[in-house]
Amino acid sequence: MATEAQTWSNAQRADGVLPSDGKRAEADHPYSDEEDALNDVEVNGNWTPQEKALHEARLKAKAKRRSRKSSRNSTSESFSESGELVSDPHSPKGKAGANDRKSRAGKGRGLPKKGGAGGKGVWGAAGMVYEDEEPDVRDPNYDESAQGDTVYAKVVPEVDERELEKMVNPIVQEYFEHGDTSEVQTLLKGLNLGQHKYEFSSMAVSLSLEGKASHRELTSLLLSDLSGKVLSQSDMARAFDKILKDLPDLMLDTPEAPQMLGQFIARAIADHVLPMAFLDSYKGRVDCDHARAALDRAAVLLSMKREMVRLDNVWGVGGGLRPVKHLIREMNLLLKEYLISGDVTEAERCLRDLEVPHFHHELVYEAVVMVLESTGDRASHMIVKLLQSFWKTGLITVDQMNRGFHRVYDELPEINLDVPHAHSIMENFVDLCYQESVITKQLRDTCPSRGRKRFVSEGDGGAIKT
22 MATEAQTWSN AQRADGVLPS DGKRAEADHP YSDEEDALND VEVNGNWTPQ EKALHEARLK
82 AKAKRRSRKS SRNSTSESFS ESGELVSDPH SPKGKAGAND RKSRAGKGRG LPKKGGAGGK
142 GVWGAAGMVY EDEEPDVRDP NYDESAQGDT VYAKVVPEVD ERELEKMVNP IVQEYFEHGD
202 TSEVQTLLKG LNLGQHKYEF SSMAVSLSLE GKASHRELTS LLLSDLSGKV LSQSDMARAF
262 DKILKDLPDL MLDTPEAPQM LGQFIARAIA DHVLPMAFLD SYKGRVDCDH ARAALDRAAV
322 LLSMKREMVR LDNVWGVGGG LRPVKHLIRE MNLLLKEYLI SGDVTEAERC LRDLEVPHFH
382 HELVYEAVVM VLESTGDRAS HMIVKLLQSF WKTGLITVDQ MNRGFHRVYD ELPEINLDVP
442 HAHSIMENFV DLCYQESVIT KQLRDTCPSR GRKRFVSEGD GGAIKT
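Under this note's numbering, read the sequence shown as residues 22 to 487, first letter to last.
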């Protein structure tokens with residue numbers, strides 16, 4: 022039995038299964054001691070069925086151990102066929118570097134891709150030249166007449182109806198200050214009023230109805246300059262039609278609105294702002310009494326002219342545009358009416374309507390001259406009362422008051438030629454004004470006084486009596 026086992030072992034050494042020294046080579050045959058014992062059971066190549074099944078199981082386990090050992094000995098990184106190192110995406114190292122910017126292929130320096138030239142909202146790399154793009158037909162600025170060239174233009178959104186009043190009112194109020202119609206045209210061209218363009222005229226007229234006569238004159242000039250340039254006759258007609266419908270509301274603040282609106286309509290027709298048939302289109306179609314009064318007023322003003330001319334004086338001449346002679350005549354008339362009626366309130370209203378606060382010194386001058394040329398004390402007391410009222414209400418300022426008196430002081434020698442007692446009357450009037458707090462003490466002290474030289478009779482030899 023021992024001889025057969027020794028013969029089987031020699032056969033295994035000859036086949037290279039066992040080393041020649043009888044020891045196990047772990048590198049080539051990683052068998053345990055139990056496996057060697059089972060191998061010794063085989064005699065002359067005759068295996069029992071149990072031994073054969075055990076041998077097959079042992080071979081399968083051997084192949085499995087080899088695959089495990091090769092997997093443990095190899096790292097998570099392997100080399101591709103080209104020699105480049107490739108990381109295992111399932112390894113912990115591969116998962117940790119998933120968000121790393123370093124190249125998976127081991128290339129690059131970890132910088133951003135494309136050198137910062139790519140991505141959304143960037144201009145591209147320095148020196149990059151873009152090719153011309155074909156124009157898009159769906160582009161709102163696409164112009165077919167430009168032979169396919171794209172036209173870029175500034176698009177101004179249309180003004181909302183709720184924001185229209187907030188944008189128009191400052192323009193009109195500022196125009197009342199500077200009176201430059203070209204500035205208003207520039208501002209309106211910068212706004213996209215759209216279908217509400219006609220409402221600018223109606224708002225301007227409504228604001229002028231609440232203002233002064235000079236404001237209404239400026240509004241008529243503005244409508245004349247805008248006609249045909251920014252607004253058409255149809256736009257003007259729609260604007261006045263809207264004002265006629267809003268007359269009941271406008272009369273709450275301005276009771277004279279129907280008469281003023283009639284003057285606006287007459288002036289607009291004379292200036293060719295409204296068509297000639299504007300009044301005829303309302304015949305028999307007006308139910309509101311206020312609108313009918315406005316149209317009748319316009320018809321009367323237009324029928325007063327034999328020929329259709331510009332009604333330039335429908336609002337009068339406003340403020341500083343009036344000639345100096347006209348202002349002097351108006352102030353003289355104001356003072357004469359006051360001396361007759363004694364109504365200080367009416368005189369104050371007339372002076373305010375002249376709208377010349379820079380020329381109030383003329384009123385003071387004319388009033389003092391009237392006192393010097395009058396007889397009796399009634400005129401002086403009434404003029405002092407009038408000047409005192411103007412002084413307290415602030416209608417005449419200190420500067421205007423002083424300037425008016427100084428003008429009389431300078432011309433007193435010439436006035437004395439017509440009024441021999443002008444100096445004495447002036448001194449008494451100045452003292453009275455100072456007592457009523459109309460003028461200052463300094464102004465009273467600067468009043469000129471003529472020294473009285475009395476001559477003796479001829480019997481004294483013509484000597485001056487001292």
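All C-beta atoms, glycine included, are put in the ideal place defined by N, C-alpha and C.
Computed from a predicted model, the values in this text were never measured in an experiment.
Verify whether the separation of the beta carbon atoms of residue i and residue j is less than 8 Å.
i	j	result
residue 390	residue 422	no
residue 7	residue 401	This structure gives no information on residue 7, because the portion of the chain shown stretches from 22 to 487.
residue 260	residue 296	no
residue 365	residue 410	yes
residue 312	residue 268	yes
residue 403	residue 383	no
residue 213	residue 178	yes
residue 315	residue 283	yes
residue 210	residue 251	yes
residue 264	residue 226	yes
residue 273	residue 230	no
residue 359	residue 407	yes
residue 426	residue 464	yes
residue 303	residue 256	no
Excluding sequence positions up to five away, which residues of its chain have a Cβ less than 7 Å from the Cβ of residue i?
i	result
residue 62	Confidence at residue 62 is low in this model, with a pLDDT of 48, below 50, so its placement is unreliable and no value can be given for it.
residue 117	With a pLDDT of 47 at residue 117, under the threshold of 50, the modelled position of that residue is not reliable, and the figure given next carries that caveat. Same-chain partners within the cutoff: there are none.
residue 223	260, 263 and 264
residue 437	443 and 444
residue 424	382
residue 397	none
residue 439	none
residue 298	none
Could you tell me how far apart the beta carbons of residue i and residue j are, in whole angstroms, since I believe they sit closer than 8 Å?
i	j	result
residue 244	residue 196	Rounded, the Cβ-Cβ distance is 12 Å, inconsistent with contact.
residue 454	residue 430	Rounded, the Cβ-Cβ distance is 13 Å, inconsistent with contact.
residue 371	residue 393	Rounded, the Cβ-Cβ distance is 23 Å, inconsistent with contact.
residue 241	residue 285	7 Å
residue 336	residue 237	5 Å
residue 414	residue 369	7 Å
residue 279	residue 318	7 Å
residue 417	residue 381	5 Å
residue 157	residue 163	7 Å
residue 202	residue 246	4 Å
Give me, in chain order, the residues of the same chain whose beta-carbon lies closer than 6 Å to that of residue i; leave out the 5 immediate sequence neighbours on both sides.
i	result
residue 277	none
residue 228	193
residue 428	386
residue 476	Low confidence applies to residue 476: its pLDDT is 46, below 50, so where it sits in the model is not reliable, and the reading given next is rough at best. Here the set comprises nothing.
residue 221	189
residue 160	none
In the DSSP assignment, what are the bridge partners of residue i?
i	result
residue 248	252
Beta-carbon within less than 8 Å of residue i's beta-carbon, same chain only, minus the 5 sequence neighbours each way: which residues are those?
i	result
residue 217	180, 182 and 185
residue 349	383 and 387
residue 470	444 and 448
residue 405	450, 453, 454, 457 and 459
residue 300	286, 290, 316, 319, 320 and 323
residue 363	403
residue 148	none
residue 412	422, 458 and 459
residue 208	192
Any C-beta of chain B sitting closer than 8 Å to the C-beta of residue i?
i	result
residue 273	The structure shown contains no chain B, having only a single protein chain.
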